[in-house]
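This report refers to the structure that appears directly beneath it.
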Amino acid sequence: MKKEITETIYAEIAAFVTKGIDSWLEAGKLIKDLVDDHGISQEEIAERAGLPPVVVGKLEMLGRERIMPQLLLATYPAATFLPRLDCSLQKAVLANGVDVLLENGETLRISAPNLTRLQCQQVFDRDGVRTPAAQKAWIESEALRLGLSRVPEVSTTYQIRKGKVFIPAPCHLTQKDLVRMLGELSA
Numbered sequence: 003m004k005k006e007i008t009e010t011i012y013a014e015i016a017a018f019v020t021k022g023i024d025s026w027l028e029a030g031k032l033i034k035d036l037v038d039d040h041g042i043s044q045e046e047i048a049e050r051a052g053l054p055p056v057v058v059g060k061l062e063m064l065g066r067e068r069i070m071p072q073l074l075l076a077t078y079p080a081a082t083f084l085p086r087l088d089c090s091l092q093k094a095v096l097a098n099g100v101d102v103l104l105e106n107g108e109t110l111r112i113s114a115p116n117l118t119r120l121q122c123q124q125v126f127d128r129d130g131v132r133t134p135a136a137q138k139a140w141i142e143s144e145a146l147r148l149g150l151s152r153v154p155e156v157s158t159t160y161q162i163r164k165g166k167v168f169i170p171a172p173c174h175l176t177q178k179d180l181v182r183m184l185g186e187l188s189a
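Using this note's numbering, read the sequence shown as starting at 3 and increasing by one per residue.
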């Protein structure tokens, strides 16, 4: 027989999650104290507590207030970049999202869970959030690093001489460009 769903069930779920997070914070403080006050390594703590070392490391970060608790279980790409930031900046990004520079030069505010891995690389540096100008510089340096260059605009990439089309550089032409070129050829 199914249990009747009531609002108290949702309140219970929230209470259990809150209790869990509080427990994580307490465990993190204990790990921090063991490392700082007693010189015990994360590896030894992990072995003796029966926990994976990566979990002990994340809990220690919680105890040192270097990571927001909600990032411990997050699986979206930004969750691997956000711990590099201080907690106040993590909070701000989680609450408000970040401005991402688009190809057309405009910016779009995107929430942390919706950022792609490439957008995270563009937006986050080692310890902060890049401004749109810094994002543009990052994009340009990545293009140089990868050996990419911008394709020249079509209006300057071709010439018509004596009924022939000369295209001296690589370019992209749309159907509209080709129709215009054919019109110029027949004129």
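Idealized CB from N, CA, C, for every residue including glycine. If you're wondering where the values come from, they're calculated on a predicted model, not measured in any experiment.
Per DSSP, residue 137 is not a residue of any beta strand (DSSP E); the alpha helix (DSSP H) it occupies stretches across 134-147.
Around the C-beta of residue 81, 16 or more other C-beta atoms lie within 10 Å, and the residue is accordingly described as buried. Bounds of the beta strand (DSSP E) holding residue 161 are 161-163. DSSP, reduced to helix, strand and coil, places residue 129 outside both helices and strands of the structure shown, so it counts as coil. For residue 88, the secondary structure class from DSSP, reduced to helix, strand or coil, is coil. A straight-line Cα-Cα distance of about 38 angstroms links residue 84 and residue 174. DSSP, read as helix, strand or coil, puts residue 182 in helix. Burial state of residue 45 is exposed, judged by a 10 Å Cβ sphere holding fewer than 16 other Cβ atoms. Annotated three-state conformation of residue 7 is coil, per DSSP. The beta strand (DSSP E) runs lying completely inside the region 60-125 and spanning 3 residues or more are 100-103, 109-112, given in chain order. Under DSSP, residue 168 forms a beta bridge with 161. Its Cα nearest to that of residue 38, the residue 62 stands out among 56, 62, 16, 24.
With fewer than 16 other beta carbons inside 10 angstroms of its own, residue 164 counts as exposed. A distance below 8 angstroms between beta-carbons, with the five flanking residues on each side excluded, links residue 92 to the following residues of its chain, in chain order: 69, 70, 73, 84, 85. Where residue 47 is concerned, the enclosing alpha helix (DSSP H) starts and stops at 44-51. By the Cβ criterion, the region 15-34 is in contact with the region 47-65, since at least three pairs of Cβ atoms, one from each stretch, lie closer than 8 angstroms.
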